[in-house]
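J.: My questions all concern the structure below.
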Amino acid sequence: MGEQDLCHDDHTWLKVAETVLSRPHEEIVEQLGDDLSFASMRAFHACRASDAGVYFREGILRNNPDRLAAQLTALLDEEPDLAHHRAQVEKLLADQKLFDRDKGRVYLTADDKGLVESAGHYLLYGGEWFMCMLGFAGHEALRKRGVPTMLQLDLPLSAVLTHERTQLSQVLLQEWVRIKVNRPDWVPDLDFTFCLRQDVPPEWLVGHYHPPVVVDAHHGYIKRKTLDPFCPHCRAGAGAEG
Ligand SMILES: [Zn+2]
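Counting along the sequence shown from 1, when you hit position 1 you're at 0 in numbering that gives the first Met the number 0, and nothing is skipped either side.
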């Protein structure tokens, strides 16, 4: 067939696949999606933690706005510089839609690279809920706490939604065809997110690390160096679980 001038994420690859498939690609994608429910996949969750050991004991808990609001109140109490901002925070906390924006969800990604190099705000500021409530005024205070932490887990794909498994199946089929046809010597960044509606149990976690440098897209893409890339869990000698 020769090398095809197609971008890695061009859906035309699925049409190329059909030249060797015995059935339409939609059927293969659906079948593969079903079969993937027996597989597990390395996935990542980015956060800012004082001690990664908490996750290895309790798992990754779903977004619980009441718990986050309590943490936010404690932070405001500890940060006199944010006192002037308290009224604004109270106003935002009263916005139910904003308050519940990610309620009951845990987000995981299939690739950690983007979380370090382009979407670093989870590592630098601990998550979008806090950023929404505090705005730019709270950035410095959030960066003072904890360490950028990447949690690594083996995600059983039976736990993800069927349509996410089907989407993943399509991405895999597309990449398989690209590799077969073009024989590339590189792999694209995989921009793929899973949204779970359950807590991640500690048994799924296999390791964690603290990226030494994280790109801050909210401040001109500057590279922020992690001053102390260790947490108590690392120091206890448990940093290499995975
Ligand atoms: Zn650590």
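Every residue gets a Cβ at the ideal spot worked out from N, C-alpha and C, and that includes glycine.
So ARG56 and PRO201 are supposed to be a Cβ contact under 8 Å. How far apart are they, rounded?
T.: As a first step, residue 56 must be located in the sequence shown, where it is residue number 57. As a first step, residue 201 must be located in the sequence shown, where it is residue number 202. The pair is a contact, with the Cβ atoms about 6 Å apart (cut-off 8 Å).
J.: Specify which residues have a beta carbon nearer than 7 Å to any heavy atom of ligand 1, listing them in chain order.
T.: Checking every Cβ against the heavy atoms of ligand 1 under 7 Å gives ALA51, VAL146, THR148, HIS207, HIS209, PHE229, CYS230, HIS232, CYS233 and GLY238.
J.: Mind checking ARG104: buried by the 16 CB within 10 Å criterion, or exposed?
T.: As a first step, residue 104 is located in the sequence shown; it is residue number 105 there, counting from the start. Classification for ARG104: exposed.
J.: With H, G and I counted as helix, E and B as strand and the rest as coil, what does DSSP make of SER39?
T.: Numbered from its first residue, the sequence shown carries residue 39 at position 40. Reduced to three states, the DSSP call for SER39 is strand.
J.: Which same chain residues, not among the five before or five after ASP33, have their C-beta less than 7 Å away from its C-beta?
T.: Against the sequence shown, residue 33 aligns to sequence position 34. So no residue of the chain qualifies.
J.: Around the C-beta of GLY241, are 16 or more other C-beta atoms found within 10 angstroms, so that it is buried, or is it exposed?
T.: Working through the sequence shown from its first residue, we reach residue 241 at position 242. With a pLDDT of only 42 at GLY241, under the threshold of 50, the placement of this residue in the model should not be trusted, and no figure is reported.
J.: Between the stretch 202-220 and the stretch 148-157, do three or more beta carbon pairs fall short of 8 Å?
T.: Result yes; three or more Cβ-Cβ pairs closer than 8 Å.
J.: So the alpha helix (DSSP H) CYS131 belongs to, where does it begin and stop?
T.: Residue 131 sits at position 132 when you count from the first residue of the sequence shown. Per DSSP, CYS131 belongs to the alpha helix (DSSP H) from 127-133.
J.: Please name the residue, chosen from GLU174, LEU171 and SER157, that lies closest to PHE37 on a Cα-to-Cα basis.
T.: Looking up residue 37 in the sequence shown gives position 38. Ranking GLU174, LEU171 and SER157 by Cα distance to PHE37 puts SER157 first.
J.: Is the distance from the Cβ of VAL88 to the Cβ of PRO210 below 8 Å?
T.: Translated into the one-based positions of the sequence shown, residue 88 becomes position 89. Translated into the one-based positions of the sequence shown, residue 210 becomes position 211. No, these two residues do not count as a Cβ contact at 8 Å.
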